[in-house]
Amino acid sequence: MSKPILTAARRALAGAVALSALSVGAETRAEPAKQYFPLATFRVGAYASSGIPVWAGEIDYFRYVNDVEGGINGVKLVWDECETEWAVEKGVECYERVKGGKDGSPVPIFLPHGDPISKALTEKSVSDKIPIVTIAYGRTESIDGRVFPYSFPVVFSFWSEASSTINYIAEREGGKDKLKGLKIATVYHDSPYGKETQTPLAYLAKTYGFEDIQIPVPHPGNDQSAQWAKIRQIKPDYVFLRGWGVMTPVAIKTAAKTGFPVDHIIGGVWSGSEEDVRPAGAAAKGYLAVTPFPAGADFEISKKIKAEIVDKGKSDLKDPKSFGSVYYNSGLDEGIIAVEAIRTAQKKFGVGPINGEQAQWGLEHLDIDDARLKEIGAFGLEQPLKLSAKDHEGGGAGKIIQWDGEKWNIVSNGWVNSDRSLLLPLIYERAAAYAKEKGITPRADATN
Amino acid sequence: MSFFLETLVGGLLAGVMYSLVAIGFVLIYKASGVFNFAQGSMVLFAALTFVTLREAHWSFPAALAVTLAIMVAGAIAIERFVLRSLVNQSDLTLFMATLGLSFVIEGLGQLLMGASVHELDLGIDDVPIQIGFIQVSQFDLVAAATAGALVLILSIFFNFTRTGVSLRAIADDPLAAQSIGIQLPALWRIVWGVAGGVALVAGLLWGARQGVQFSLTLVVLKALPVLIIGGFTSIGGAIVGGLLIGASDSLAEIYVGNLLGGSVSTWFAYVVALVFLLVRPAGLFGERPIERV
Chain D
112 MSKPILTAAR
122 RALAGAVALS
132 ALSVGAETRA
142 EPAKQYFPLA
152 TFRVGAYASS
162 GIPVWAGEID
172 YFRYVNDVEG
182 GINGVKLVWD
192 ECETEWAVEK
202 GVECYERVKG
212 GKDGSPVPIF
222 LPHGDPISKA
232 LTEKSVSDKI
242 PIVTIAYGRT
252 ESIDGRVFPY
262 SFPVVFSFWS
272 EASSTINYIA
282 EREGGKDKLK
292 GLKIATVYHD
302 SPYGKETQTP
312 LAYLAKTYGF
322 EDIQIPVPHP
332 GNDQSAQWAK
342 IRQIKPDYVF
352 LRGWGVMTPV
362 AIKTAAKTGF
372 PVDHIIGGVW
382 SGSEEDVRPA
392 GAAAKGYLAV
402 TPFPAGADFE
412 ISKKIKAEIV
422 DKGKSDLKDP
432 KSFGSVYYNS
442 GLDEGIIAVE
452 AIRTAQKKFG
462 VGPINGEQAQ
472 WGLEHLDIDD
482 ARLKEIGAFG
492 LEQPLKLSAK
502 DHEGGGAGKI
512 IQWDGEKWNI
522 VSNGWVNSDR
532 SLLLPLIYER
542 AAAYAKEKGI
552 TPRADATN
Chain H
28 MSFFLETLVG
38 GLLAGVMYSL
48 VAIGFVLIYK
58 ASGVFNFAQG
68 SMVLFAALTF
78 VTLREAHWSF
88 PAALAVTLAI
98 MVAGAIAIER
108 FVLRSLVNQS
118 DLTLFMATLG
128 LSFVIEGLGQ
138 LLMGASVHEL
148 DLGIDDVPIQ
158 IGFIQVSQFD
168 LVAAATAGAL
178 VLILSIFFNF
188 TRTGVSLRAI
198 ADDPLAAQSI
208 GIQLPALWRI
218 VWGVAGGVAL
228 VAGLLWGARQ
238 GVQFSLTLVV
248 LKALPVLIIG
258 GFTSIGGAIV
268 GGLLIGASDS
278 LAEIYVGNLL
288 GGSVSTWFAY
298 VVALVFLLVR
308 PAGLFGERPI
318 ERV
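Protein chains in written order, with the numbering used here: chain D, 112 to 559; chain H, 28 to 320.
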């Protein structure tokens, strides 16, 4: 090859490299004054449809904070994505890849977006001092931050999900005393996630006198004829459906073909999105679900994001139908909690990028009350949240939503609280047992 | 007793749905000795194409015809660009090619049609109907009738048409068949095209049952024990295998699951298949290979 040709080739290569560097875009070009925030996402694979609206909600909120509020006290957020396909090994690989931060900006919080991934990271997060925030999933006993200093099952643990559902049934039946004698069947995904509610339900059944029936469904749950035949035989008063992915629409359709009334089925958090009910068609009309992320586009923050991000063509949302959906709003919730934790940490450690250890302090001192929710514009969308070293959950309430064939409507009387005072002693007992097994010395109740 | 019968009938009808997927595997294995790992992806792609066209306001017959045409065109492309270069390669090489194909088809599906979940309404009510003292699903009965019709059509095709007989000849002895002028590439195109059509039928029925979403590919997990029991080369065997798996799964879930305190149907089907493998390795209706030593 002649010298001029080689020179031209080198120039072309250099040009291509420069162009590709430019095309990376402002969001991934981190500078010291910016806050890096890695996102573990699953945009491909069997669960992509559930994930895509979540990242849209989260990214739209981050863009809103950057573009409208000028960042968190002036510190702009930068993020990039790592594809996990909702698989444990890929999720852990993503965590390992991003945990060192980017361009000098540390990782404040890691959102694993997958219950099995979060469980796999429990111990790693402690040694790396990076908080793992799992909203409405994750190991329930990690509510006890004295034993699990870097695990944050914030807002709504699986136990709260179960208890809130039982309390809604009580509300519907006319009081907790009316629970006595009821038959409540839980149709659950046969996995550690699905089994998480067995202990609290058994305890609540003993406390309130209802009959607790557990019916497992093997993964992925695309055939449930045997399980619903069993339901038809048992004739429960209510079914609590704790599914994931395809299991939910199949359950709703199979319930319809066996004649079980759909308005007596209450889905868990991960069985209560538009993606769960739309495939079931008309059979889903009247179906209920408990959620800490009520659907709706009328919240103040939703209106602001619509005007400033969506209508200006800056949204990450590809399908406009998903704006205000349960999953989109869950992304907003995640974004709000992450931003507020960083803001809280900045009050103590100074305005600038926050690292994992500082974010842990921020999370444990997070206090989002009604007044702050109103300031953010998330009143009604997000519940008041106050965390501490002893309580990494904070909220513990859900709203009950009902599908009318087109959209979800809130049917509960505001937030339905769970029996946290009843369940927390059990949770602390389990955490203490974990600490004993692993040789962990629990931290003090409060941190400075 | 009525509960037992209802569980049994429900299981049998659920098994027919797995048979529909298994038939696609049998067709390709019968004609080329290839275990087509991409069958699940073909089921998904067919359902996704159909539902996308329907959502774009195409009429039912037009969407069906165009989807079928796309599946056949896809089959021709697979033969031309993948299989033709692999003629005379080992079965394992061909299997690996179909493994790659399955990822390509899934990726193409998401690239062209997105990852959203879709409702698929075929206009068949999925409501319970009372027959005697047991309750069955109307949709399941339609699915069973569809599977029956499909088996009948394919049996006629394989036994009474020149192409069908050529396919059987290829399956029996590819070299001898080619030596008498049977064109292997053309027959592969036909059989992959027919398998694409079967994938469309399976995709529509499964899509109507669970919604069209990427987890549709997972239905093949239960088609495997169906194939082991029925035999990899028998269409009728796929139906019988499906019925056996469906019934044993349902009954085990109710009567064994309770004893073990958990769900058993994920692995029970494979236990049944394993027993068949030990007792009858070629399956109930599979052809036993006879080799001169």
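Here a beta-carbon is modelled for each residue, glycine too, at the ideal position from N, C-alpha and C.
As assigned by DSSP and simplified to three states, the class of residue i
i, result
"F221(D)", "strand"
"Q162(H)", "strand"
"Q494(D)", "coil"
"F30(H)", "helix"
"N524(D)", "coil"
"R307(H)", "coil"
"V36(H)", "helix"
"W519(D)", "strand"
"F410(D)", "coil"
"A500(D)", "coil"
"L192(D)", "The sequence shown places Glu at residue 192(D), not Leu. Three-state result, E192(D): strand."
"V357(D)", "coil"
"P212(H)", "helix"
"V328(D)", "strand"
"V114(H)", "coil"
"A119(D)", "Residue confidence for A119(D) is low, a pLDDT of 45 falling below 50, so the modelled location carries little weight and cannot support an answer."
"S436(D)", "coil"
"E180(D)", "coil"
"Q146(D)", "strand"
"S529(D)", "coil"
"E138(D)", "With a pLDDT of only 45 at E138(D), under the threshold of 50, the placement of this residue in the model should not be trusted, and no figure is reported."
"S86(H)", "coil"
"D199(H)", "helix"
"V186(D)", "strand"
"V239(H)", "strand"
"A555(D)", "coil"
"Y545(D)", "helix"
Residue i classed as buried or exposed, judged by whether at least 16 other C-beta atoms fall within 10 angstroms
i, result
"Y282(H)", "exposed"
"I564(D)", "Not covered by the structure: residue 564(D). The range shown for chain D is 112 to 559."
"R389(D)", "buried"
"I207(H)", "exposed"
"T34(H)", "buried"
"V450(D)", "buried"
"R189(H)", "exposed"
"A337(D)", "buried"
"A58(H)", "buried"
"Q240(H)", "buried"
"A456(D)", "buried"
"G506(D)", "buried"
"Q335(D)", "buried"
"A313(D)", "exposed"
"I163(D)", "buried"
"K510(D)", "buried"
Which residues DSSP lists as bridging residue i, in chain order
i, result
"V267(H)", "V267(H) pairs with nothing; no bridge assigned."
"K561(D)", "In the structure displayed, chain D extends from 112 to 559; residue 561(D) sits before or after that span and is not available."
"G211(D)", "Answer is none; G211(D) lacks a bridge partner."
"G378(D)", "L352(D) and A400(D)"
"A151(D)", "C193(D)"
"S216(D)", "K213(D)"
"I479(D)", "L496(D)"
"E322(D)", "K294(D)"
Closer than 9 Å to chain C by CB, residue i
i, result
"M140(H)", "Here the protein chains are D and H, and chain C is not one of them."
Ignoring anything shorter than 3 residues, give me the beta strand (DSSP E) runs that lie fully in the region 242–320 of chain D, in order along the chain.
294–300
- prompt: If contact means a Cβ-Cβ distance below 9 Å, which residues of the region 264–287 of chain H contact chain D?
  reply: G273, D276, S277, L278, A279, E280, I281, G284 and N285
Which residues of the region 408–435 of chain D have a Cβ closer than 8 Å to any Cβ of chain H? Give them in chain order. K429 and D430
- Query: Where are the beta strand (DSSP E) runs, 3 residues long or more, that stay fully inside the region 122–190 of chain H, in chain order?
  - Reply: 155–158 and 161–164
Complete runs of the alpha helix (DSSP H) confined to the region 252–300 of chain H [at least 4 residues] = 262–282 and 284–287
- Using Cβ-Cβ distances below 8 Å, what residues of the region 321–344 of chain D are close to chain H? P327, V328, P329, H330, P331, N333, D334, S336, A337, Q338, A340, K341, R343 and Q344
Inset, instruction - Can you give me, in chain order, the residues of the region 288–313 of chain H that have a beta carbon less than 7 Å from any beta carbon in chain D? - result: G289, S290, S292 and T293
- [ ] Could you run through the region 364–384 of chain D and flag, in chain order, every residue whose CB is less than 8 Å away from some CB of chain H?
- [x] K364, A367, K368, T369 and G370
Proximal residues, the region 175–201 of chain H versus chain D, C-beta separation under 8 Å:
none
Margin query: Please identify, using Cβ separations under 7 Å, the residues of the region 198–227 of chain H that lie next to chain D, in order along the chain.
Written below: none
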